[in-house]
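One structure below.
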Amino acid sequence: MADLSRRNLLRWTAMAPLAGATMAVAGKVGKPLVEPTVSDLARQRLQQLHLPNVPLVTHEGKKVMFYDDLIQGKVVTLNFFFAKCDEVCPLVTANLAKVQKLLGADLGTKLFMYSFTLKPEEDDVDAIRRYREMHHARPGWTFLTGKLEDLEKIRKGIGFTYPDPKIDGDKTQHIGNVRYGNEPLMLWGSCPGMARTQFVAESISWMIRPEGNSGPGAL
Amino acid sequence: MYYNVFGEKVSKRRFKEMCDAAKNRRELIAAGLTSRRDLFKMGLLTASGMLVAKSGLSARAYGQTQTNQPPSSGQNTSPGTNQNCVPGNQTASPPTRAFIQALPIMPIARTVAALNPAPRENPNIGAGEVRSAPFQAPQIDATRFPVIPSILYKMNQRQFTTSQSPDLPLQTMWGFDDNSGRGTHSPGYTYQAHYGSPQLTRNTNSLPLVTQKNNTGFGFPSVTTHLHNAHNPSESDGNPCDFYANGHFCDQYYPNVLAGFNSDHAPNGDINESLGTLWYHDHRVDFTSQNTYKGLVGFYCLFNQLDTGDEGTGFHLPSFPQFDIPLAFNDKVYDPLTGQLVFDLFNLDGILGDKFLVNGVVQPFLQVQPRRYRFRLLDTGPSRFYEFFLTDKNNLSATNPYWLISTDGNLLPNPIQVTSTRIGPAERVDVIIDFSKFAGKTIYLENRLLQLNGQGPAAVDSQLFAQNSANTECALVLNDPTKGAIKPAGAGDFLLQFRVSGTPVHDGSVDPATNPTFYQLPDTNAEARIVRTFKFDRLNGQWSINGQFMDCGIGNSGFSETFRFAVRQNSSEQWLLTNLSGDWTHPLHIHLEEHRILSRNRVAPTVPTDLGRKDVTQVHPNERVQLFFRFRDWLGKYPIHCHNVVHEDHAMMALWHVVPPGQEDNILVP
Chain A
30 MADLSRRNLL
40 RWTAMAPLAG
50 ATMAVAGKVG
60 KPLVEPTVSD
70 LARQRLQQLH
80 LPNVPLVTHE
90 GKKVMFYDDL
100 IQGKVVTLNF
110 FFAKCDEVCP
120 LVTANLAKVQ
130 KLLGADLGTK
140 LFMYSFTLKP
150 EEDDVDAIRR
160 YREMHHARPG
170 WTFLTGKLED
180 LEKIRKGIGF
190 TYPDPKIDGD
200 KTQHIGNVRY
210 GNEPLMLWGS
220 CPGMARTQFV
230 AESISWMIRP
240 EGNSGPGAL
Chain B
896 MYYNVFGEKV
906 SKRRFKEMCD
916 AAKNRRELIA
926 AGLTSRRDLF
936 KMGLLTASGM
946 LVAKSGLSAR
956 AYGQTQTNQP
966 PSSGQNTSPG
976 TNQNCVPGNQ
986 TASPPTRAFI
996 QALPIMPIAR
1006 TVAALNPAPR
1016 ENPNIGAGEV
1026 RSAPFQAPQI
1036 DATRFPVIPS
1046 ILYKMNQRQF
1056 TTSQSPDLPL
1066 QTMWGFDDNS
1076 GRGTHSPGYT
1086 YQAHYGSPQL
1096 TRNTNSLPLV
1106 TQKNNTGFGF
1116 PSVTTHLHNA
1126 HNPSESDGNP
1136 CDFYANGHFC
1146 DQYYPNVLAG
1156 FNSDHAPNGD
1166 INESLGTLWY
1176 HDHRVDFTSQ
1186 NTYKGLVGFY
1196 CLFNQLDTGD
1206 EGTGFHLPSF
1216 PQFDIPLAFN
1226 DKVYDPLTGQ
1236 LVFDLFNLDG
1246 ILGDKFLVNG
1256 VVQPFLQVQP
1266 RRYRFRLLDT
1276 GPSRFYEFFL
1286 TDKNNLSATN
1296 PYWLISTDGN
1306 LLPNPIQVTS
1316 TRIGPAERVD
1326 VIIDFSKFAG
1336 KTIYLENRLL
1346 QLNGQGPAAV
1356 DSQLFAQNSA
1366 NTECALVLND
1376 PTKGAIKPAG
1386 AGDFLLQFRV
1396 SGTPVHDGSV
1406 DPATNPTFYQ
1416 LPDTNAEARI
1426 VRTFKFDRLN
1436 GQWSINGQFM
1446 DCGIGNSGFS
1456 ETFRFAVRQN
1466 SSEQWLLTNL
1476 SGDWTHPLHI
1486 HLEEHRILSR
1496 NRVAPTVPTD
1506 LGRKDVTQVH
1516 PNERVQLFFR
1526 FRDWLGKYPI
1536 HCHNVVHEDH
1546 AMMALWHVVP
1556 PGQEDNILVP
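Residue numbers (our numbering), protein chains in the order written: chain A, 30 to 248; chain B, 896 to 1565.
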């Protein structure tokens, strides 16, 4: 903290375009009420680099902003699918459908699940709603579409990419991971969407109750 | 045709921009315009810390899939960007000066007189202990291995602040406190352990509960400490699934006993299985990369009657700790605006930093005497491979050989003279450097291995670079493209500066040139009970072993189903590690016993670091490596996993267990 001069922080808040929206302790842009801490800045950087505040549409046709409405202050899971995918997506989505049952009352209250289409040109609101119904998603599990460029920003932001652009562009090889996180606490991890259902649910629960968890071999 | 450093075609105009960018950056540095304030003033730095894309002058922030080579540290000021000709996507830590701080040497851990409550054979759950099973060692021999051995350590994992460079603000890290009143350190206190002297460490999680205020952006305060790669009973191994929360502890019994003590070399074990350079680190499933990056690593040096730590006795290796120095290497990224350590939480491939740390500080120097030293080099990751050369900046054409004496902590039969050694994450080499020939000089430990991303060392087509070689600003020279790209002497990453005193001194250590003999390699003649095949692959971005993913299970009832196969206690096996994942190199680690590399793609190994006993083996793209194992003495659960910890955290791990005869299985592809 020693080198974090007030001037630097003022400059930060003034120059960062999204600062006002995300800095919990700051007032209006350029006029922080309290100097942001290292943690505040780290959280803001995570948002800026990884969690773009792009517009999306839910399976109910509701317009939302990715960071503001879906992520900020929440415990979440993020994954990608497309409705006509016949390889990895049905397995992952079917697994998550089982995971949601294990999450019980936490889903929709302490935890929110989000699935994003990779092919918004095919997956309009109706398509993702039907896909969602087919998998018997419970309240708290939202399916989303939007503009391809915005969805790509999210995909790249959360690291669901390959270094080889050819593979990265091949949607049949898309990343089948489930990203889980606790946004305010800056805890993020991921697990394979095709891992054993109980272990996926267990991993997600670490984010819901980060204060205390001990391994299965332990207690 | 013009190419960038990733081998992608670029236009002539872009190529020129790239060269100009490198030149601009150097000019800025030469002009002393390296502070953020200066760059802001000139409008060259954006708020996000990226250099403005102007005339090709650009650098991207951390958090992208492709990071680039770090600062060429031959400069006194490392600018945080590459000196080579690269596309506009370098990482961009703030500038730091090199070689202005002394190498920290980790203090030796001190014992405690007693632990309260006293350790128990069965886990003391009521007191908050988290251990999966009773101690095995006292059940084998309660006289040799008493439940409460005379050597006790109390280690607490704590959060603390420390300086990693005078040019950066204080950093919030996690480290180890041995309760001697000397504070918390990262790397942690070095254990000085001895064969024949069992010991017990109480590892207590005293990290703060995670809150919005005390999290600096990464790390999960839930831990399990693995002693890599001791011949340890499974309940004390620090299994990734045996993690525990704040306020809990685990008593870990380290018998310090040779493999074979309870089987083929009873009662004392096989002297040729002696271990020397071990390390301990957090192994929390799915969060190991973050937690080790945040500091939870340390050394464990194990001595015996031959490798004594005293150059007047035994093998006469340089005396510990004065002339026998552990060196932990890692690479990190700092936020260009705040100077705070950052970690890319959203990366699946592997993470590279643009700042090089040794023993917890950026590019230190070490004052040495003109004599032989033993260094124990450890790559703590997360994902970088190193190839270590000795470089004299005033004589870049000189070859400066040194001696390799140990691989993964296991002394070789004899020293091998080398000009470089390559290690990947979690691998160790012990080397002897004789500074007498450098008396009065300054020399450097230089990493000349080119690595562009988490895939491993770059396998770059030398043709690409030959085409660019007309422009020396942008050229990279490949000595041997089959072995990865080695940068020219002086163009690599300067990691550590040795300032060699000119005053001659007595050297009582053995001269490796006399070809001293250490241990013999244990034979690999035993018939393998079974040959198992492991395929390491990427399935839809998910790292897998034989198409399956890491699974800790839930609850005791769920745990047993997570074991992928069962090894018969005191048997031999061969494992075939097959890497199908294209361009990736996986450093694969197997717990419990050291292994031998029998072949790579059916050819016996020839590289010096492949010749000895190992516990991490690099498996290169499209390679099948054949390993020989014995599984002796202990029972219970152990993992096999990739030690590129980002891969490990994304499920490239499998649990197996050692079982009594009659309960083993014959699964060929687990």
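All residues carry an ideal CB built from backbone N, CA and C; glycine is no exception.
- With a contact defined as Cβ atoms closer than 8 Å, B/W1479 and B/G1351 qualify at about 6 Å.
- Under the three-state reduction of DSSP, A/R161 is assigned to helix.
- In this structure, B/P1128 sits near B/Q1031, with a CB-CB distance shorter than 8 Å.
- Closest in C-alpha terms to B/R1266, from the list B/P1044, B/A1334, B/F1523 and B/G1091, comes B/A1334.
- Residues of chain B with a Cβ closer than 9 Å to the Cβ of A/C220 are, in chain order, D1181, Q1437, F1444, M1445, H1545 and A1546.
- In chain order, F111, A112, T146 and T174 place their CB closer than 7 Å to the CB of A/D152, counting only its own chain and leaving out the 5 sequence neighbours on each side.
- DSSP places B/T1203 outside both helix and strand once states are collapsed to three, so it counts as coil.
- A contact is defined here as three or more CB-CB pairs under 8 Å, and the region 1382-1391 of chain B meets this definition with respect to the region 1280-1289 of chain B.
- The beta carbon of B/P1296 sits closer than 6 Å to the beta carbons of Q1312 and T1314 from its chain, once the five residues preceding and following it are set aside; these are given in chain order.
- Look at B/D1230: its C-beta is under 8 Å from a C-beta on chain A.
- With contacts defined as CB atoms closer than 8 Å, A/V117 and B/N1435 qualify as a contacting pair.
- Interface residue (Cβ-Cβ distance to chain A less than 8 Å): B/V1105 is classified as such.
- Shown here, B/R1323 sits in a strand according to DSSP, grouped into three states.
- A/M163 counts as exposed, since fewer than 16 other beta carbons sit within 10 angstroms of its beta carbon.
- At least 8 Å separates the CB of A/Y96 from every CB of chain B.
- B/G1255 is positioned such that its CB atom lies closer than 8 Å to that of B/P1082.
- Per the C-alpha coordinates, the member of B/L1201, B/R1491 and B/V1502 positioned closest to B/E1468 is B/R1491.
- Residue range T226 to I237 is occupied by the alpha helix (DSSP H) that includes A/M236, with no beta strand (DSSP E) assigned at that position.
- Scanning chain B for C-beta atoms nearer than 8 Å to the C-beta of A/T226 yields nothing, as the closest lies near 10 Å away.
- The beta carbons of B/R1097 and B/D1146 sit closer together than 8 Å.
- One thing to note: A/M236 has its Cβ within 8 Å of the Cβ of A/G210.
- Beta-bridge partners of A/S144 (DSSP): A/N108 and A/F172.
- Shown here for B/P1310: same chain residues with a beta carbon closer than 6 Å to its own, the five before and five after excluded, namely W1298, I1300 and P1407 in chain order.
- Going by DSSP, A/P84 is part of the beta strand (DSSP E) stretching over P84 to T87.
- In the three-state reduction of the DSSP assignment, B/S1466 falls in the strand class.
- Interface with chain B (8 Å Cβ-Cβ cutoff): A/Q202 is included.
- Around the beta carbon of B/D1177, 16 or more other beta carbons sit within 10 angstroms, so the residue counts as buried.
- By the Cβ criterion, the region 1547-1554 of chain B is not in contact with the region 1335-1350 of chain B, since fewer than three pairs of Cβ atoms, one from each stretch, lie closer than 8 Å.
- Here B/P1213 is actually not in contact with B/S1331; their C-beta atoms are around 13 Å apart, not less than 8 Å.
- Within the DSSP secondary-structure output, B/Q1094 pairs in a beta bridge with B/I1046 and B/Y1149.
- Non-local beta-carbon contacts of B/S1494 in its own chain, meaning distances under 6 Å to residues more than five positions away in sequence, involve Q1521 in chain order.
- For the region 1226-1250 of chain B, the set of positions with a beta-carbon nearer than 9 Å to some beta-carbon of chain A reads D1230, L1232, T1233, G1234, Q1235, V1237, D1239, L1240, F1241, N1242, L1243 and D1244 in chain order.
- Spatial neighbours of B/L998 in its own chain (CB-CB distance under 7 Å, excluding positions within 5 residues in sequence) are listed in chain order as V1253, N1254, P1259, F1260, L1261 and L1391.
- Listed as beta-bridge partners of B/R1015 by DSSP are no residues whatsoever.
- In this structure, B/L1240 sits away from B/L1197, with a CB-CB distance that is not shorter than 8 Å.
- The beta carbons of B/D1165 and B/P1503 sit no closer together than 8 Å.
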